Each structure stands twice: as C-alpha cells, then as structure tokens.
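So the sequence shown is numbered by this note's numbering: it starts at 183 and just counts up by one. We treat Cβ as the ideally placed atom computed from N, Cα and C, and that holds for glycine. Source: prediction; values computed, not measured.
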Amino acid sequence: MSGAERRCLVAGNWKMNGLLEDAMAYVAELGENPAPEHVEVAIMPPFTLLHPMSGPLSEKGVRLGAQSVYFEQKGAFTGSISPLMLRDAGCHYVILGHSERRDIIHEDNALIRKKMLAAWQAGLEPILCIGEHLEEREAGKTNDVLREQLAILEGVAENKPLTVAYEPVWAIGTGRTATPEQVVETHAFVHEELARLGCDCRVLYGGSVKPDNAEALLACPGVEGALVGGASLQADSFMRIIEAAARAAG
Ligand code: 13P
C-alpha cells in the first residue's frame with residue numbers, strides 16, 4: 183500500500199473520560215455518516231465503553247480502538263485487559279506507547295514491543311505512539327529518541343497492520359502544536375526510519391490538534407491523519423476536525 187492510496191485516519195483518544203450516557207449522546211450527535219470518502223474515523227474510549235459503543239459506532243462506519251492492552255491473552259493478571267478481549271469487544275485498533283503511559287506508568291520500549299506482538303497475534307492494529315520531550319528536542323536529540331522508539335519494529339513489523347503516531351510530548355494537552363516545518367521535517371524522518379525497518383505505514387500527527395489548526399497540520403506532506411485528545415471529547419469539534427481532514431485529503 184503506498185502513501186497515495188491509503189485513507190487518512192482521524193482518531194479520537196478519549197483518555198480517562200466518558201460515561202455511558204454521554205457516550206451514547208455523542209454517538210448520536212455524530213450523525214448518520216460521519217466518515218467522509220477519503221477519511222477513516224476511529225474512537226478510542228475507555229475500556230468500560232468499548233462494548234456499548236461497538237455496535238452503534240460500527241453502524242456509522244466508525245472504527246473502535248482501545249487505549250492500552252496487556253501482553254498476554256488470558257490468565258491470572260488481575261486488572262489487565264487482553265488483546266483477545268479487545269477483539270471480542272469489537273476493537274480494530276489499540277494505542278500503544280502513549281507518552282502518558284510511558285511517563286506516568288513507566289512503560290518502556292521492551293514492554294511496548296511485547297504488547298505489540300500480542301496485539302498482532304489477536305488481530306489488532308497497533309497505533310504506536312512515539313515522541314520526544316521538550317528537553318530532548320532542545321538538545322537536538324529528537325531523531326535519536328524516535329529512532330530508539332521505532333527500533334522495537336526491527337525484524338517483526340514487515341507486512342503487519344500498523345499505524346504510527348508522532349506526538350511530541352510538549353504538544354500534548356498544552357495547546358502548543360509543532361510548527362508545520364517541524365511536522366514536515368520530523369514526519370519525513372519517521373517515514374525514512376520506517377522504510378529502513380521495512381514498514382510502509384501511515385504516520386499520524388498528535389498534540390493539541392484542534393478544529394482551527396487541523397487542516398494546516400493534515401496538509402503537511404507525510405501526515406496521514408491525526409490522533410486527537412481533548413478536541414475529540416465533544417462531537418462537534420471532532421466532526422470539524424474530520425471535515426478539515428477531508429479538505430486536506432481532497
Ligand atoms: P491533545 O489533543 O489533548 O493534545 O492530546 C493528544 C494526544 O495525546 C492524543 O493521543
């Protein structure tokens with residue numbers, strides 16, 4: 183699959199937000215056909231909402247994803263959710279390596295790799311998040327950090343379903359986005375690194391994507407979608423981002 187042929191993806195990562203009643207109202211507000219022709223749409227709600235949202239979202243052509251997973255399929259792992267359970271709940275995607283899990287829960291590249299392998303085994307498509315901290319960017323280490331985070335793909339990712347999301351940590355939840363120049367430059371590096379690893383996959387941008395900056399970010403060469411946090415929590419702002427993606431794609 184080449185970059186020119188594939189649809190861009192707008193994915194909403196709800197993080198630890200969402201109760202049943204509001205989630206159902208949100209799905210209703212999305213209307214009948216929220217995904218335009220050239221745009222794929224997905225929502226990653228918290229685990230508790232996966233089952234109830236699965237049917238209503240799939241009727242609207244919206245894919246479902248989870249925000250994390252454990253690396254075993256079943257067993258005595260209290261409090262954990264397995265890739266098989268996510269498939270059973272109707273998930274297509276699972277986010278792995280989000281900076282909030284790397285920083286707050288101390289997930290490292292080795293653990294993320296195990297989760298990725300287990301996700302593939304169950305038929306899920308991982309959205310692997312990578313990104314540098316501000317100090318790393320300022321020290322000129324961005325590419326080194328990204329190279330190390332992508333190295334978990336070495337020897338295992340060829341022909342596997344995979345999406346990568348570049349999310350500079352300093353842009354997440356801060357209202358500060360990377361400039362189009364930074365986005366173009368960094369995405370070019372990520373695509374180059376992925377090609378070296380034998381992966382030709384989509385690369386999304388994430389970090390303070392909002393309705394008013396989405397079109398400019400999504401129009402950057404090498405950007406094939408957005409991973410949206412805060413602005414995906416309201417159906418109307420998420421839909422405006424989807425519309426911006428359709429304009430950028432068309
Ligand atoms: P914000 O859009 O709230 O900055 O979050 C981005 C993000 O972390 C998506 O995974």
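Check, Outcome
"Contact check, N395 vs T359, beta carbons under 8 Å", "yes"
"Sub-8 Å separation of I334 and G411 beta-carbons", "no"
"Alpha-carbon to alpha-carbon, C383 and G185", "A caution first: G185 carries a pLDDT of 45, below 50, which makes its placement in the model too unreliable to give a value."
"Identity of the residue in L201, V209, I294 nearest L278 by Cα", "I294"
"Between the CA atoms of T260 and R429 - distance to the nearest angstrom", "45 Å"
"Three-pair Cβ contact test at 8 Å for the segment 207-227 versus the segment 239-256", "yes"
"Rounded separation between T356 and C381 - CA only", "31 Å"
"Secondary structure of G194, DSSP reduced to three states", "strand"
"Three-way DSSP call (helix, strand, coil) for L246 in this model", "strand"
"The ligand 13P heavy atom lying under 7 Å from the CB of I424", "no"
"Under 8 Å between C-beta atoms of S240 and G194", "no"
"Rounded distance between the beta-carbons of P265 and A300, thought under 8 Å", "5 Å"
"Inter-residue Cα distance where the pair is E349 and R269", "25 Å"
"Inter-stretch contact at 8 Å, needing at least 3 Cβ pairs: the segment 395-408 / the segment 364-378", "yes"
"Per-residue burial, L201 [other beta carbons within 10 Å of its own, 16 or more giving buried]", "exposed"
"Start-to-end residues for the beta strand (DSSP E) that takes in E307", "307-312"
"Pairwise C-alpha distance: I424 and N199", "20 Å"
"A224 - containing beta strand (DSSP E), residue span", "221-226"
"Enclosing alpha helix (DSSP H) for A398 [first to last residue]", "396-400"
"Segment limits, alpha helix (DSSP H) that includes I277", "Segment 275-278 is the beta strand (DSSP E) holding I277; no alpha helix (DSSP H) there."
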